[in-house]
Structure formats: structure tokens, C-alpha cells
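First up is the structure itself, then whatever we jot down about it.
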Amino acid sequence: MTGAVTYRLQINGADHAVESSWLGESLLYVLRERLGLVGSKNACEEGECGSCSVLVDGRLVCSCLELAAAAEGTEIITVEGLSPDGTLSDVQEALVAEGGVQCGFCTPGFVVAVHDLLDGNASPSPLETKEALAGNLCRCTGYGRIEAAVERVVELRRG
Amino acid sequence: MAADPRPQVLAGGTDFMVEVNYDHRRPTAVMSLRRVDELRGWRRHGDRLTVGAGLRYVDMLESEFEVSAPALAQAARTVGSPQIRNTGTIGGNVATASPAGDTLPVLYALDAEVTVSSTRGDRVVPIQELIVGPKRTTLAPDELIVSISIPVSKGPQEFLKIGVRNAMVIAVASVALVVDGDNRHIGCALGSVGPTIIRCSEAEAMAEAEIDWDRLHLPDPRVYETFGAMCAAASSPIDDHRSTSRYRRHGVYVLATRALMRAFEPGA
Amino acid sequence: MADGVRVVDRPRTGIGVSTRRPDGGPKVRGEFAYSSDLHADRMLWGRTLRSPHAHARILSIDIGPALTIPGVSAVLTADDVPGRPTYGLTVPDQPVLARDIVRYEGEPVAIVAADHPDTARRAIASIVVEYEVLEAITDPQRALQSPAIHPDGNLIRTVPIRRGDVDAVGSVVVEGTYEMGIQDQAFLGPESGMAVPDGAGGVDLYVATQGLHQDHAQVAPCLGLAPEQVRLHLAGTGGAFGAREDLSMHVHACMLALHVNRPVKMSYLRDESFVGHVRRHPAHMWFRHHATPEGRLVKVEAQILLDGGAYASTSAYTAANSARFACGPYRVPNAVIDATCVRTNNAPSGAMRGFGVVQVCYAHESQMDKLAAAVGLDPVEIRLRNVLARGDELVTGQTVDVPAPVRECLEAAASVPMPPPASDVDDYGLPGGAGRTADRARIRRGVGYAVGFKNLAYAEGYDDDTRARCRLDGGVATITCAAAELGQGFVTVAEQITRTVLGVDQVVLAPASTATIGSAGSSASSRQTYMSGAAIAMACRQVAEGARRAVAHRHAVAVEALEIDEGRIVSRDLSIDIPIGRASEEPLEAEVNHHHRETFPMDPVTGQGDTDVSWVFAANRAVVDVDLDLGLVRVVQMATGQDVGKALNPLSVVGQIEGAVSQGLGLAVMEEVVTTDGIVRNPSFTDYLIPTTADMPPVEITLIEEPEDGAPFGAKGVGETACLSSTPAVVAAIRAATGLELSRVPVRPEDIALADVRREG
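Chains as they are written, first to last, in our numbering: chain A, 1 to 159; chain B, 1 to 268; chain C, 1 to 761.
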């Protein structure tokens, strides 16, 4: 292994040291293989599927396209940070209840993306939801139950 | 894959990381611009916009920016997914110099000027001189794109992009059309239909002569299709796994025709 | 009702209720352990060197450079395969590692284990293989006239069907040739797993798969180990859709782990996945339909050619399915059908959702629309005049003796209200979507219909039996079954069945493994609820019987005096009323081995025979908007009528249908593995396009419930059928909008925009 680097990452509010990491490692790889945070998934590793979605400084990004070493100094939130005490978030709860989960490989990415969508737009139109989630591929559900879950959260948050 | 001893300049990194993940590139040193805030912003002075190379696609969707550069905003909106638009930058799009780079036809149509910096100082390069081939630029190894200068919108602007999917897709063909009502000028450029972005000078000149500039109307409705055909003739597409040259040329014809129709209503 | 046992709908958790997935919580929290998430101390990373050529002779392999790279622990080639050098799901014709010849691009040649994935890929890149490139036979139409690619020859199977009067003619005849490109399953979870040596010469493989035992039967011989020395355990599986029927990294990871005596994990990248699993057979099809002037089918003629790729996989059975279902769910008195599958230097084809039927459904439904036009009927009416019903005979001579609500499915789909017109839709919702290409004046709407059907479980005399064990202890029911959960929701249904039969609240599903129970068969062919669901129900019923006997013994009454009623053991006089969960002090256990009814081979000349266990039917209506000039398509709405027998979990059924429709839609308008001389040109999600949210319209679903006798609670398997008819429905809708022939899928924009046929502007 060449080009080893050492740096620190702030993930879900905790400080993590990353030591002797190959320079080319993506944030996704470091999360999964060095820090044991395997919730972010590795379906394409080219930014096309959204399974590895995380928030970096509040922005929804594909962690496979983030150079891990360059993420030092940012605040990273992964799917594991959205239900820290084990209680499901409203988005997670809705995805289960509405049947938005099948194989579930895309699910953590959708959880992060739907949180990001609804935090920025409390009541998206159906087409706004589609545009916001177009970067998250799902091969099992055909998206219908995922979109139903988004609607459920919108209703619940409306109160 | 030979290791490259020079530091790789990382803007958004969306193209770079795909190459690293698939072992087409092995970085040994990286200079990240992610937190260089002076590259992030944009500002208007007079009738020009200076766009920082680090401006992300998502930032171009803000309404203030969109008013000044509507075609660029529309092009940015067609880039990849929200995740990519949150990461990728206009400077990265220019430096990668892919003929399918979505903002590039707009920058060509606007005669964008790129400010490039190195320890030897700054230089300003017209975009069509900076990009010389597919993924090839005249950037020196130690040079960095700092900003891009474009005129503020002074008329209708359009960007249309064909993809085989309704979202998150690489352009099979794209057309940017920008109108400068003050100077009675049209800029039109094509994406994904040649080794670089293609500027449609003959079509532009033809249309400029036909337009009723006082009313921003097009008296002769046949000109729409003539314009489309001239743009198609200017294209130089290839067959690949994404489409055929024949369809791409046809697509340019349809898109350019529609772009001109959107920009100029028919009638005297 | 099945087996005379009363079915009780328990409102909270039982049959017929949309209970939640037991794995839903872990999956939304990111805690569910998929095969690519596995990790062990001292674990190494495995990686595969693959052929860059579609057909070549291997002259030499120099692994020396790889061995010198620090961090590399093993580099293995064909010489290192400890047992049988080949494997295969039906015929062991595929090398574990290529020795002298590579027969497709991506064929494994060498494997390495290293301390880091980057080390492993540098090691792979350093191996020097000298190839002599051979001509690649990639056109299936040339395969039978070409030199044999493989010792087994280039013909994998020809399946003839001759039914009734083969010389019959109809007064109306329509003919067409149809072509289907290569569809990839494109599951999201990569091929992956971890092999852990047991220190005694054996190995445990944790892997994503559709069938643990069928994998085991191939892995152990290749490793040269006794069956009990190799144990396969189901790791979290990120979708499958047929692509995990065959082995991928299984033997390789085990070889490396045994060689270095350390755990080895392998996980394919997406480009590797595109050549690392079998995909749907591409097809060339010719059909001629004969009918009366009233549009009643007289005869169907069909010639079907499937490209099996370099190795056999399940191709022989795929071809049989293409033949048996070539006519669709219609009454066809006379038929002349030949389905042939050949070997080529393309990557192997194999199972994918709809197994051999997706191809012919596109063709026969295209033909039915041609026939409708020829006799002047609308597309719904032509189908209704010919639909199969219970009691009719198929072209194999087998009588359909299960519910066959084809008419009901089609009428349900056809009666769904139409979506709003394109004029009411925002730009983003028009054809072209985000690219904002549409000119509203140049959009045409079209509506298309299709029906389809397919067999349930395996056919042609194959006994795909299944085992399940139920243990009831302290009110907790533990179910052991090796059925693979791929995402389809088998685990949910397994719990529901158990709760319904035993009346218990607590159900534990033991991990699926070859170490704990015999085979459940594969999660394939819409069979797991039907087969393993039935086995679980039977095991639970045997436990309930044990509870009944235990109560009878304890209360000193005759067993006959007690009944099993809604999860309770109850005496006729109601003096005894005990929940089954508390009926016995001792644990109660039962294991069953469930077989479906006997099936029979197809006659080799006529194709006649009672080949199938059961059938499932579906109908689709598609509504599309088409940009006439650019050829871009927006599917606006899908309506599905689906035969389900009985919906055990309606939400789960809806999810299966929506997912199947999305894959059918993708095949209709965007999904194709593009190859040139056997080399895949688009092995990425950048270029192999699957539908996004922006491509999927609402799916309006009607479930047709006509329970099947003998099926668990009357349920049929619903994983596949909506995928059959959605592709032809979308294409029919595009035809309706454009007037074009569209004899190839996926329909590409240029097929519409550059068609030579004139149409109304």
C-alpha cells in the first residue's frame, strides 16, 4: 500500500482517527472498512446509485465520491447517526410501515436522502420528490412504497 | 496504471473518485480545493458575472444566480443527481473537459473566459482555447482554474439535453442557446456531438439576420428548422454505446429548432 | 381450504394482513449485515483476474510479479483448484478458473488474496497472461454453423411443441419477427461473501445467494471436500432476480481462505458484476398467428432462438419455458413451436425474473395487437375472445386445473381511470424529464395492453422439494428453513404463517444455513411462499397436533375430543381451552419435507406432457407520452391486474408487483447490456440505465383473489408475472402513440425518432 495518510474524521458527532489509510480511499471505504460503519452501502462506487448517501456539512453527497482524507474538518452524518439511540426516525418508521423496504440495500441511502429532502422542503410535490430522489436507485420496489413513505412523513410532520 | 507524482487538484472530485475507485487513477498526492472559500462564490460587476471555479451545481440553482444565468442554471439542474449537484463544481466540469459536460455548451455559447492561475501569475483564456479535445485542456500541470467570467443574461436563454432516462443521465446530445438582445447576438453551442463542444457560428449568423430584434420575433417561421438543420450540420457526432451518430445529429436538429422557438415567437 | 385446516385471520399479525418486515428495523437503521458488510479478524481481500477477450487461448500465466507485492498472500490459478475443475447449476461445464481457453469476456482466470483491496487489485494488474485471441462466436444465428466453442457443443437444447393439426391455417394470418436485447438483473448488493476456514480443513462460507443447498452441491466438489466439511450460510442479500442462482465468488473465496488459512472476503465492483453473473437471455423470435375472421386463434407458429452465452447454466430450462409459454394465456388449439438455445462467446445467460417467458410474452402480445388490427377489434377485445380459463388445455396438452382469472386481470387493468393529460403535467413530468426537451405540441399519448402467465415452481419432472422445521418451546416458535430471503419478504410471510397456525406471538426465524437443515430449494420461479410457505404451515400443523395430543394426555381425554381452533386446543364442551403455545411442558418439534405435485417431462418430439405445478397470471395496461421527434418516452401510468390466489401480505404483494413492473418498464425503454463482438460496452450504472423515481409512474394494482386448492392458504407466488406483461404493454402504448412496428426491445429513442414509417404529425 502506497501513499499512506493519517487524519481525523467527525462522524455522527464523534471523533475518529484514521491511521495508515491509502490516500485513494473513499469516505465510503473508510466508513465501512476502517470504522465499522457499514450502514452506507457499496452498490456502484461511481455516484450513480445513492446507496452510500451521507451528509457532509449538511449536504447530501455520495460518500463513494468523497476522498476520505479531504473530508477532515467536515461534519459527517451517516445513516447510523439518524437513529442514534435505536429509535427509528419518522422517515425510517415510514419506510418500514409503507413497505418501502425490500432487499434494503438502497434503504440507508434513501433514509438519508429523504431526511435531506424533507428538512429542506416540508411538503414536496410528487414531482419534487421524484427529482430529489432520482439519485437513489432501487431495484426492488419500483419506488411506489418509498414515495408513499415520503407522503406519510409529510402528513405526520404537518401534525 | 503508472503513479502520477504531481498532486491531483481536487475540486468536487466526482469524476476523479470514479477513476480512483475503479483503479484508472492512482493518486499519490492530492490538493483539495473543497474548503477554499474564495473559489466558492460568484459576483456580479456591471454586465458580467464572475463565477468561482468551486461553485457547485446546486449553488447555480439559487434564484439570484438563475436570473443572471438562466441557461447555466438549467444545465446545472440536469447534472446527475442531487448528490452530484451538491458536490460537483463548474471548475471541475471545465477541467474535466468532457464533451458531455453539461455546463460547457452554455459556457461556449456565452464566450466564457476562464481565469487560470499559477505561481507565474494569472492568465485569461477563452474557453474554446482552454479545451482542445475530449478530456484535454491547455492547462499546465501547475495551473489552476480560478474563475469563469460570463456576461449577465440580456435575453432569452435555453438549455436542452437529451438523455435516455428522465433524470440522472449523461447527455446523448445537448444544445445551449443564449440571446444578447442589446448586441443583437445569438450564441449557440452543442454538447456530446463532437470531440469538444461545438459552436454553431453559421447558424447563429443566419438567425441573427432573420430576427426582428425590436420585437424579439422571428418573422419567417421556416427559419426555426433552417437553424436546427444548420446546427445539425455543424455537429460531428459518433456512434457509441449511448447512441448513434445519426440520432445525435437528428437530436441536435430538434433541440436547436425548439430552442429557437422558445427564444423567439413567430410573427413580425 | 388447504388440508382441511381452518384458516383464521388474526387481525394483528396473521395471514392476509400487511404486517411489517421483521428485518425492516435493522435495514432502515443500516444495521442489517449484507454479504459485503462482513468482517473478521485477520481477514484478507480476494479479487479476480478476468479475461479481457471473448474467446482466446491462454498460452501462459505468470503470477510471479503478483507474489512479490507486499501484502499479497495468495495467487491461485486453475492448477490450484483442489477438486472438480468445473461447476454448473445444471451441467458442470464451467471452469472454476479458466485453464486453456477463455470463452467470454470476464471469465475468471486467476484469484488473489491480499491485505487491502487496493493491494489485491495491484496484484491482479501485475499478473501477466499471454493470450492467443480466437474468433469470437457472438451471433447466436451463426452458432450452430460455427466450430464448437466447448466440448459439449454449441447446441444447448431445442424444445419442440407440436399440438393439434400442425397444418391448420386461419383465414387471418399475422406474422412478425421480434428481438430482445440483454437485460441485467442489476441488483444493488454486489456479489460478495466471506469464507472462513474452520481450522480442520473445512470452510464456512457466508454468502448472498438464492439457494444455499444448490450452491453447496457445486462448491464442495470443486473444493474436493466432503459435503459436511463445507457449510454455506445466508448473508444479507441485496436483491437477486435470478442472478444469484449461479455461483460467483463462492469457490474462489473458499479456495483462497483454505490456502491462506485466514478469512477471505470478496465483493465485486459494479463493472465486475456485469460479467460476474448470468443475465437474461437475449432472443430472436419469429411468430405467425392464424385466426378466424372473428379473431379466434386457430394456430400459433413460433421459432425462438435464445443466446445462452458461453456456459449452460439454466439455459435448457429457459428454452423449455420459452416454448411452453410462447402462446401466452390463450386458448390455442394448434401449435408448431421450436425454441432453441445455443452457446456463444457472450457472457453466460441464465435465470432472470420471468425466466424465458419475458421474451415470448413481448412477442406474443405484439402479435395479438397485430391480430386485433387485422380483424378490426380493439386490443382488449381480441384478448378477451381468446383468454384461457380454468379447465382449458395448454399447448402442452396439460389442463389448467387451478384458478386462471386472465379475464378478470385484464378487465381490472382496463377499468382503472386514465391519468390526467400531458397538458396538466409540469415540464419535469414530460418525456425527457430533467432535460427539458419537450415541445408539448409534439407529444402523443398512447395506451397499450398485455397479458402474461408463467409456471410456478420448477417443471418437467423436477422435484424441487423443501424442508422446514418448527420447534415450539415456552410459547416461542422457532422456524428453521433454508429458504433465501432476497428482499421479497419470505421472512414476513413465514412469521405470519407460523402465527396464524400456532396462535403464538413470538416467532424466531433461525438463520438459513446448510448446516442446520436440508434444502428449501431456490428462491426462484415464484416458488418460495408456495413451497416453503407450505412446508412451514405443515410443520406448524404437526406441532399443533403434538400440542393436541399433549393436552389430551394431560387432561386424560381422547385426542378426538379436542380440536385445534384459532391457535388453541379446545374441547367440544369448552371445558378445555388452552393456547397452543402453552399446551405442552416439553418442547414440541416437527420437520417436514414438502413436495409439490408430480410433474412430467415434455415429450421430446411433441412437447406434450403435464409439466407444470401451477400457473400465475397478470395483465398490464400502460399509458405513455411520447415525444414524436426525439423518441423520448415517459410512462405516465401502469395498471396491473394480478392473480394472487390469496394475498398473504397485501403490502408485500404490491411491492412485488411494483418492482416487477419497474423491471419490465426498464426493459421496454432503457435497459440493455450493449456488446460489440462479445465485449460489454456499458458495464456501469452510468451507462446501463435502470429506472429512477423520475421514470416510474404510479402503478394502479388490483389483486384478483381466487385461492388455489392445496396452496398455502390458497396463495400463489407473485414475484414474476407482472414483469412479463409490463414490457409488451409499454411497447404497445408506444406503438399506439406512434404507429410504429417496434419489433425490438428496448425501444431506443432512434427507433422512434428515425423510423422510416410515416406517421401523423
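The C-beta atom is built at its ideal place from N, Cα and C for all residues, glycine as well.
Please read all numbers here as calculations on a predicted model, not as lab measurements.
DSSP links S53/A through a beta bridge to C62/A.
From the listed residues P263/C, E589/C, C327/C, S267/C, the smallest Cα separation to H290/C is found for C327/C. Per DSSP, I752/C is one residue of the alpha helix (DSSP H) stretching across 749 to 753.
N136/A belongs to the set of residues whose beta carbon lies under 9 Å from a beta carbon in chain B. Under the 9 Å criterion on CB atoms, M670/C is classed as interfacial with respect to chain B. The Cβ atoms of G176/C and Q367/C lie closer than 9 Å to each other. Beta-bridge analysis with DSSP links P421/C to no other residue.
One Cα belongs to D627/C, the other to S174/B, and the distance between them is close to 16 Å. Nearest in C-alpha terms to V36/B, of all of G12/B, R48/B, V18/B, P27/B, is G12/B. The Cβ neighbour count for R440/C, taken over all protein chains shown within 10 Å, is under 16; the residue is labelled exposed.
If you check each beta-carbon in the segment 86 to 112 of chain A against every beta-carbon of chain C, the ones closer than 7 Å belong to L88, Q92, L95, V96, A97, G99, V101, Q102, C103, G104, F105, C106, T107, P108, V111.
For E591/C, the enclosing beta strand (DSSP E) covers residues 588 to 594. In this structure, the beta-carbon distance from M531/C to H596/C falls below 9 Å. Of the residues D62/C, V551/C, F685/C, the one whose Cα lies closest to the Cα of L76/C is D62/C.
According to the DSSP secondary-structure assignment, N620/C is paired through a beta bridge with A450/C, T640/C. Under a 10 Å Cβ-count criterion, R142/C is classified as exposed, with fewer than 16 other Cβ atoms of the shown protein chains found around its own Cβ. Legend: CB atoms of the segment 129 to 158 of chain A lying less than 9 Å from CB atoms of chain C belong to residues T129, K130, E131, A132, L133, A134, G135, N136, L137, C138, R139, C140, T141, G142, Y143, G144, R145, I146, E147. In terms of beta-carbon proximity, Y108/B stays away from the interface with chain C, with every pair separated by 9 Å or more. About 13 Å separates the Cβ atoms of L177/B and A234/B, ruling out a contact at the 8 Å cut-off. With its beta carbon less than 9 Å from one in chain C, L37/A belongs to the interface.
Counting the other CB atoms within 10 Å of its CB gives Q145/C a total below 16, which places it among the exposed residues. For the 9 Å CB-CB criterion, M670/C and I690/C form a contact. Residue environment for H53/C: buried (at least 16 other C-beta atoms within 10 angstroms of its C-beta). Under DSSP, K154/B takes part in a beta bridge, and its partners are D180/B. For L205/C, the enclosing beta strand (DSSP E) starts and ends at 203 to 207. Against chain B, a Cβ distance below 7 Å from D271/C picks out Y22.
The segment 96 to 108 of chain A and the segment 34 to 51 of chain B do not touch, with fewer than 3 CB-CB distances between them shorter than 8 Å. With respect to the C-alpha of A43/A, the residue from Y29/A, A17/A, A97/A, G24/A having the closest C-alpha is Y29/A.
A Cβ-Cβ separation of about 7 Å places Q642/C in contact with T721/C under the 8 Å criterion.
Scanning its chain for C-beta atoms nearer than 6 Å, with the 5 sequence neighbours on each side dropped, one finds around S149/B the residues R48, T50, E113, in chain order. Note on geometry: alpha-carbon atoms of E31/C and F110/A lie some 15 Å from one another.
Listed in chain order, the alpha helix (DSSP H) runs fully inside the segment 349 to 407 of chain C are 357 to 375, 379 to 384, counting runs of at least 4 residues.
At a C-beta separation below 8 Å, I84/B has these neighbours in chain A: G47, C62, L65, G135. Between V298/C and G170/C the beta-carbon gap is near 4 Å, inside 8 Å, which marks them as a contact. Of the candidates Q303/C, F187/C, T399/C, F187/C places its Cα closest to the Cα of F274/C. Straight-line spacing of the CA atoms in C49/A and G24/A works out to 20 Å.
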